[in-house]
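What follows is a short report on a single structure.
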Amino acid sequence: MNQKEFLESLVCPLTGTALTIAEDGKSLTSEDGTVYEVGDTGIVNMLYPKELLPEDAREQYLYDQAFLRYDKGVSWVFETLNHSDEAATRKFFIDLMELKPGMKALEVGAGTGKDSALILDKVRPGGTAVLSDLSPNMLKLAQEKLSTEDINVHYFLGNGSYLPFPDDTFDAVFHFGGINTFSERKRAFDELTRVVKPGGKVVVGDESVAPWLRNTPTYATLLKANPLFRAEVPLEDVPANIENFKLHYVFGNAFYVMEYRVTAKAPEVDIDLPIPGKDFVDTWRLRAEKAVD
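For the sequence shown, the residue numbers in my numbering are 258 to 550.
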């Protein structure tokens, strides 16, 4: 997928309708007249809404200010968490995506590209990696660092709750380290799942100290020092059309990573299937009707 094909693949992040590409390839326009600019280095500004919600705008500002010192700060955090092996842990959750050469992968919240480099290695040669972030400075740094040899890499500024792609676009999607602060987290989970083909993988993670550690001395100090670690794993936001859900705790059990496979439709219970071997009709529906709340 070259740059022209990438631009042609983008849709309105709100409605999913087609965008009109300017003749010079420098902008895309939606049916309602909203213009999305293409930067000089090919980074497309697909942020929606144009004026971000306050929490998202705050995160964008903080990451834009911290982009040069971000990697050192994050590595320090992981080192404090039971002296975790950062490289091995990052490899672990990228392996969960089950990527192969030639596949198409999306990373939401690519940051400076640490995990992105592992994703690129998995899908090369011949694959496509699409990398996005809220922060222009973080994404520019990732673009400068990453090698594009034997692979197609495309970048866009984007809000993970409004992804500019049709349904079933990617073989796998990855996000780590920001979803706790998303203003529209449930919508983000729906979007991350929507753009993955049935059978593909979604891998998502962020801060959340494991319940069995929250009252231990050092973890209690961590929770007091940084409220983000108090977050609960957002199980209620996971869409229904998934299977093979697994939850892992990583980095000293202070972060979670969830993985699941996307299905074409949500599972259902056959509440009218009669129980065999009885001389009377018995089903889940009849039992529910007789049950006392």
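Positions of the beta carbon are idealized from the N, C-alpha and C atoms, including for glycine. Given the structure is predicted, the values throughout are model-derived calculations rather than measurements.
Check, Outcome
"Go through its chain and collect everything with a Cβ distance to Y318's Cβ below 8 Å, but skip five positions before and after it.", "none"
"Which residues in the same chain as W541 place their Cβ atom closer than 7 Å to its Cβ, once the five residues preceding and following it in sequence are excluded?", "V526, I528"
"Should A367 go down as buried or exposed, given a rule of 16 or more other Cβ atoms within 10 Å for buried?", "buried"
"So, with DSSP's three-state summary, where would you put N437?", "helix"
"May I have the straight-line CA-CA distance separating L276 from E294, to the nearest angstrom?", "12 Å"
"Are there three or more Cβ pairs, one per stretch, closer than 8 Å when the segment 513–526 is compared with the segment 461–479?", "yes"
"Are there 16 or more other CB atoms within 10 angstroms of the CB of R381, so buried, or fewer, so exposed?", "buried"
"For L271, does the three-state DSSP call read helix, strand or coil?", "coil"
"Quick check: the Cα distance between Y320 and K357, rounded to an integer number of angstroms?", "31 Å"
"Just verifying my parser: in three-state terms, what is the DSSP assignment at S392?", "coil"
"For the beta strand (DSSP E) holding I499, just list the boundary residues, first then last.", "499–507"
"Which two residues bound the contiguous alpha helix (DSSP H) that contains A314?", "311–323"
"Which runs of the beta strand (DSSP E), 3 residues or longer, sit entirely within the segment 453–532?", "453–464, 499–507, 512–519"
"With a 10 Å radius around its C-beta and 16 neighbouring C-beta atoms as the bar for buried, classify I351 as buried or exposed.", "buried"
"Could you give the first and the last residue of the continuous alpha helix (DSSP H) run that contains E448?", "442–451"
"Beta-carbon separation of L388 and N302 under 8 Å?", "no"
"Since M258 and T369 should fall inside the 8 Å C-beta cutoff, what is the C-beta to C-beta distance between them, to a whole number of angstroms?", "Not a contact, Cβ separation roughly 23 Å."
"Rounded to whole angstroms, what's the CA-CA distance from R347 to E406? Just pull it up for me.", "22 Å"
"Does any heavy atom of the ligand COA sit closer than 7 Å to the C-beta of A523?", "As far as ligands go, the structure on display features none, and thus does not contain the ligand COA."
"Whole angstroms is fine: what's the gap from N394's alpha carbon to Y419's?", "20 Å"
"Indicate whether E308 and S440 have their beta-carbon atoms separated by less than 8 Å.", "no"
"Hey, is E401's beta-carbon within less than 8 Å of any beta-carbon in chain C?", "Any reference to chain C falls outside this structure, which holds one protein chain only."
"Is the beta carbon of V538 closer than 8 Å to that of T450?", "no"
"Please list the segments of the beta strand (DSSP E) lying wholly inside the segment 335–372, counting only runs of 3 or more residues, in order along the chain.", "361–365"
"Look at the alpha carbon of T272 and the alpha carbon of K379, and state the distance between them as a whole number of angstroms.", "32 Å"
"If you follow the alpha helix (DSSP H) that E288 is in, where does it begin and where does it stop?", "Run containing E288: none; DSSP gives neither H nor E here."
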